[in-house]
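One structure is given below, encoded as C-alpha cells.
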Amino acid sequence: MHDRIDARMRELGLELPPPLPAPRSRMRRLQFHERLIYLSGNGPFRGPELIYAGKLGADLTLEQGIEAARLTALNLIGVLRGEGVALDRITWVKALGMVNSHPAFIDQPAVVNGFSELIADVFGEDRGLPARSACGMASMPWDMAIEIEAIVAVD
Amino acid sequence: MHDRIDARMRELGLELPPPLPAPRSRMRRLQFHERLIYLSGNGPFRGPELIYAGKLGADLTLEQGIEAARLTALNLIGVLRGEGVALDRITWVKALGMVNSHPAFIDQPAVVNGFSELIADVFGEDRGLPARSACGMASMPWDMAIEIEAIVAVD
Amino acid sequence: MHDRIDARMRELGLELPPPLPAPRSRMRRLQFHERLIYLSGNGPFRGPELIYAGKLGADLTLEQGIEAARLTALNLIGVLRGEGVALDRITWVKALGMVNSHPAFIDQPAVVNGFSELIADVFGEDRGLPARSACGMASMPWDMAIEIEAIVAVD
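Chains as they are written, first to last, in our numbering: chain A, 571 to 725; chain B, 571 to 725; chain C, 571 to 725.
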C-alpha cells in the first residue's frame with residue numbers, strides 16, 4: 571500500500587516525524603469527500619514540539635524556512651499515513667503555503683519550495699506537482715514559521 | 571429539511587442573525603459544484619452592520635474574537651439556509667479561518683474555535699468537524715475581525 | 571472552442587498578456603481533478619515582468635490595485651487557454667484574492683473587484699460569478715500587489 575513511497579523515502583534518506591498529537595481544536599486533520607482528501611493546515615512540528623517558530627525576514631533564515639517547509643511536508647505525509655491512506659495511490663492536487671512573514675520579506679516561493687521539492691522527489695513529477703499558492707502572513711498560530719494545507723486525490 | 575438542525579439550535583439557544591444584504595461585489599455568497607458548496611468568506615456582521623472590527627492582539631480581546639467567529643459561523647449557516655440548502659443533509663468538509671491579527675498575535679486557533687465549537691455543537695461530530703486552517707492576516711475588508719470561508723458537501 | 575469568449579474579449583477591448591514563463595518552482599500552473607481545474611496563485615505579470623509591486627495603502631493607489639487585479643484575471647484566463655482548456659465551457663467556482671496590504675488598508679474587496687468585474691463581463695453572470703474571499707496579506711512573493719488563485723469547472 572505504501573511500498574513504492576516507503577522505498578523512495580528510504581532512498582532519499584527521509585524519515586517521518588513522530589505522529590502529531592490529536593488536534594487541540596474540534597476539527598479533523600483530514601476530511602474525505604469522494605476521491606478528494608482535504609488536509610488541514612500543518613506546521614513544522616516534531617510530535618507535540620514546534621521546531622521552527624518566528625517570522626521569515628526577521629527571526630529565521632531562508633534556510634530555516636526551507637527546513638520548516640520540509641518538516642511540514644513530512645507531517646502532511648505522516649497524517650495521510652496515520653489515517654491509513656494508501657500513499658502509493660495519491661496525487662497532489664493543490665497546496666497553499668502560508669509563510670509567517672515580516673512585511674518586507676518577499677521570498678515566500680523559495681520557502682515553500684522546501685515542501686514542493688520534497689513532495690515532487692517522493693511522489694514523482696506525475697503525482698507530486700500540485701497547483702500551488704504561496705503567500706506572506708502577518709502572524710501564525712503558536713508563531714509557527716509556516717503552515718501548509720493541501721488537497722490530494724486518491725485513485 | 572432543517573428540522574433536526576433547527577431543533578438543535580433552539581436547544582443551544584442559538585438564533586440566526588438577520589439575512590445579509592446582497593453582496594456589493596459581483597460574486598456569489600455560495601457556488602455549487604456537484605455535491606460540494608463553496609461558501610464565500612463571511613464575517614461578523616448582523617445584517618448590514620459589522621459588529622466586530624479591529625485586530626486581535628491590538629483592538630480586540632480574545633473573547634471578542636471568539637464571539638466574532640461564532641457570529642460568522644451563524645452567518646455561514648444563514649447563507650446556506652437562505653439559499654434553500656437542506657441543513658440536515660450537509661457535512662462540513664473544509665474551513666479557512668482568517669484572523670485580523672497584530673503581528674505578535676499567535677492565538678488564531680482559539681479565535682477560530684468560536685466557529686468550530688458552534689459548528690460541531692450544531693451539526694454533531696460526524697458532520698460538523700471539517701479539515702481546518704487558521705492564520706493571521708495583516709488586514710481585512712472593512713477591518714472585520716475575522717473572515718471564514720468553507721466548503722460543505724450535500725448528501 | 572473559445573469562439574464565444576474570444577468574441578466577447580474583443581468586444582470589451584481585452585487582450586491576453588504574453589504567456590507566462592514556466593514556473594520557477596516544481597509546481598503546476600493548473601491541476602485537473604475530474605471536472606475541476608485548480609489554478610495556482612497568479613499575479614500582475616506581463617510575461618516574465620512583474621508590473622505592479624508594493625502594498626496597497628502604502629505604495630500603490632486603489633486604481634493601481636484594481637489594474638493589478640485585472641491583469642491577474644487576464645493571466646488566469648491565459649493559463650487556462652495555454653493549457654488547451656475550452657474557455658466556452660468553464661464556470662468559475664471559487665476565487666481567493668490575496669491583496670498585499672499595509673496593516674491599515676481595509677478595501678481589499680474594491681481591489682479584487684478588478685478581477686471579478688472582468689471575469690463576470692467576459693464569462694457572463696451565469697458562469698462568471700464564483701464564490702469569493704478577499705483578504706490582506708503581510709507580504710507577497712516578489713512583492714507582487716495581488717495574488718489570485720481560483721477553481722473552475724469544465725462542462
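Note that CB positions come from ideal geometry on N, CA and C, so glycine has one too.
Keep in mind the model is a prediction, meaning the values are calculated, not measured.
Neighbourhood of S595/C in chain A, by CB distance below 9 Å: P679, A680, V682, N683, S686, E687, R702, A704, in chain order.
W662/A counts as buried, since no fewer than 16 other beta carbons sit within 10 angstroms of its beta carbon. The beta strand (DSSP E) runs of length 3 or more contained entirely in the stretch 604 to 673 of chain C are, from start to end of the chain, 606 to 612, 660 to 670.
The distance from the Cβ of L657/A to that of L650/A is about 6 Å, consistent with a contact at the 8 Å cut-off. Distance from the CA of M597/A to the CA of R574/C, rounded to the nearest whole angstrom, comes to 44 Å. Annotation: M707/B is outside any alpha helix (DSSP H); the continuous beta strand (DSSP E) that includes it extends over 701 to 707. Across the structure, H672/A and R616/B are spaced so that their CA atoms are roughly 34 Å apart. Counting other Cβ atoms within 10 Å of its Cβ, T631/A stays below 16 and is therefore classed as exposed. By the C-beta density criterion, R697/B is buried, having at least 16 other C-beta atoms within 10 angstroms. Per DSSP, I721/C lies in no alpha helix (DSSP H); the unbroken beta strand (DSSP E) holding it starts and ends at 716 to 724. With fewer than 16 neighbouring CB atoms inside 10 Å of its own CB, D725/A falls in the exposed class. If you draw a straight line from the Cα of G706/A to the Cα of F685/A, it is about 16 Å long.
Taking 8 Å as the cut-off, the beta carbon of V681/B is found no closer than this to the beta carbon of R702/B. Per DSSP, S686/C is one residue of the alpha helix (DSSP H) stretching across 678 to 697. In the displayed model, R580/C falls within a helix according to three-state DSSP. Taking all protein chains shown into account, G613/B has 16 or more neighbouring C-beta atoms within 10 Å of its C-beta and is therefore buried. Secondary structure at R574/C: helix, using DSSP grouped into helix, strand and coil.
Within the stretch 584 to 608 of chain A, the residues whose Cβ lies closer than 9 Å to any Cβ of chain B are, in chain order, P593, R594, S595, R596, M597, R598, R599, L600, Q601, F602, H603, E604, L606, I607, Y608. Contact check between the stretch 713 to 724 of chain C and the stretch 639 to 646 of chain C: three or more CB pairs, one atom from each, fall below 8 Å, which counts as touching. Contact between I716/C and V669/C holds: their C-beta atoms lie close to 5 Å from each other, under 8 Å. Contacts with chain C at 8 Å (Cβ-Cβ) do not include F693/A. E619/C is the residue among E687/C, E619/C, D629/C, G694/C whose C-alpha sits nearest the C-alpha of P588/C. Here the alpha carbons of E604/A and G635/A stand approximately 34 Å from one another. Contact between A674/B and S709/A holds, since their C-beta atoms are separated by about 7 Å, short of 8 Å.
By the beta-carbon neighbour count (other beta carbons within 10 angstroms, threshold 16), E637/C is buried. For P679/C, the CB contacts under 7 Å within the same chain, skipping 5 residues up- and downstream, are A704 in chain order. Note on G583/C: under 16 other CB atoms within 10 angstroms of its CB, so exposed under the neighbour-count rule. With respect to the 8 Å criterion, A639/C and M714/C are not classified as neighbours on the basis of their beta carbons.
Beta-bridge analysis with DSSP links R598/A to A701/B. When secondary structure is reduced to three states using DSSP, P711/B falls in the helix class.
In chain order, L600, Q601, I721 place their CB closer than 7 Å to the CB of Y608/A, counting only its own chain and leaving out the 5 sequence neighbours on each side. The distance from the Cβ of P700/B to that of K664/B is about 5 Å, consistent with a contact at the 8 Å cut-off. D629/B and D629/C have their alpha carbons spaced roughly 25 Å apart. In terms of CA proximity to L626/A, D677/A leads the group D677/A, D691/A, G694/A, I689/A.
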